[in-house]
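In what follows, a structure is listed as structure tokens, so that the remarks can point back to it.
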Amino acid sequence: MAIGALAIGVIIGLAGAFVRVYGPRWARLLVTAYVEFVRNIPLLLIIYFVYFGLPLIGIRFLDNLWSFVFALALYSGAYLIETFRAGLEAVNAGYIEAGTAVGLRRFQVARYITIPLMFRIVLPSLGNTLISLFKDTSLASAISVTELTYGAIRINVNTWRIIEVYTVVGLMYLATCYLIAGLLRLLERRFAMPH
Numbered sequence: 034m035a036i037g038a039l040a041i042g043v044i045i046g047l048a049g050a051f052v053r054v055y056g057p058r059w060a061r062l063l064v065t066a067y068v069e070f071v072r073n074i075p076l077l078l079i080i081y082f083v084y085f086g087l088p089l090i091g092i093r094f095l096d097n098l099w100s101f102v103f104a105l106a107l108y109s110g111a112y113l114i115e116t117f118r119a120g121l122e123a124v125n126a127g128y129i130e131a132g133t134a135v136g137l138r139r140f141q142v143a144r145y146i147t148i149p150l151m152f153r154i155v156l157p158s159l160g161n162t163l164i165s166l167f168k169d170t171s172l173a174s175a176i177s178v179t180e181l182t183y184g185a186i187r188i189n190v191n192t193w194r195i196i197e198v199y200t201v202v203g204l205m206y207l208a209t210c211y212l213i214a215g216l217l218r219l220l221e222r223r224f225a226m227p228h
């Protein structure tokens, strides 16, 4: 769930970041409004809006899992817009000028220079977003998506071993987050910006 939401969120984030940095004023205002709106309301409210609200206007998903992934993607997209915007603004203008000087068009400069450098710059923040999204998947239980927390709730209904069950679930989240963080550190070292 987290990886799917991150993939969609990256698309939203990249598009929004390019609009925030290079777009016309009216488009920048729309993207800024989206970012501020989504970042300042609880994720659970977004989940409920997508799951209960969108079907009322005719937008339906295959099942509750996809509505949750879409809600999580909308949420992560708002954060990633700001992450990617900061990354785009951090790319040294000299690289862009060099690309233009050798005859690259604006799209080619973005494709071969700006975006790869931006991803190297924002990789640590992107990793933090993935870990946060993984932990946020626990909210999927609010709309009956079967995942770790929902499984714990179902076990508690039958056994009433609340402390043991939630301790194990917490340790599973902790171990998984440490594993993800370790893998991300390897990626960060591999793709670190040269000094």
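Letter 63 of the sequence shown, counting from 1, is numbered 96 in the numbering used here, and no numbers are missing.
Just so it is clear, CB atoms sit at the ideal spot from N, CA and C, and this is done for glycine as well.
All of these numbers come straight from a predicted model, not from anything done at the bench.
- Buried or exposed: A214, going by 16 or more other Cβ atoms within 10 Å of its Cβ? exposed
- Item | Among A104, T192, I188 and E180, nearest to Y206 - alpha-carbon criterion | E180
- Item | Identity of the residue in P149, S165, L220 and G86 nearest A38 by Cα | S165
- Under 8 Å between the Cβ atoms of F101 and I176? yes
- Task: Give the straight-line distance between the Cα atoms of R222 and M151, rounded to the nearest whole angstrom.
- Result: 15 Å
- Message: Would the stretch 108 to 125 count as touching the stretch 154 to 168 if we require 3 or more Cβ pairs under 8 Å?
- Response: yes
- Message: Does the contact criterion of 3 or more C-beta pairs under 8 Å hold for the stretch 179 to 195 versus the stretch 122 to 133?
- Response: no
- Item | With 16 other Cβ atoms within 10 Å as the buried cut-off, status of I45 | buried
- Would you kindly check if the distance between the Cβ of V52 and the Cβ of V64 is under 8 Å? yes
- Query: Does DSSP put G42 in a helix, in a strand, or in coil?
  - Reply: helix
- Given E122, which residues of its chain have a CB within under 8 Å of its CB, disregarding the five upstream and five downstream residues? V54
- Message: Classify V68: buried if its beta carbon has 16 or more other beta carbons within 10 angstroms, exposed otherwise.
- Response: buried
- Item | Residues near L172 by beta carbon distance below 7 Å, same chain, minus five either side | L76, L77 and I80
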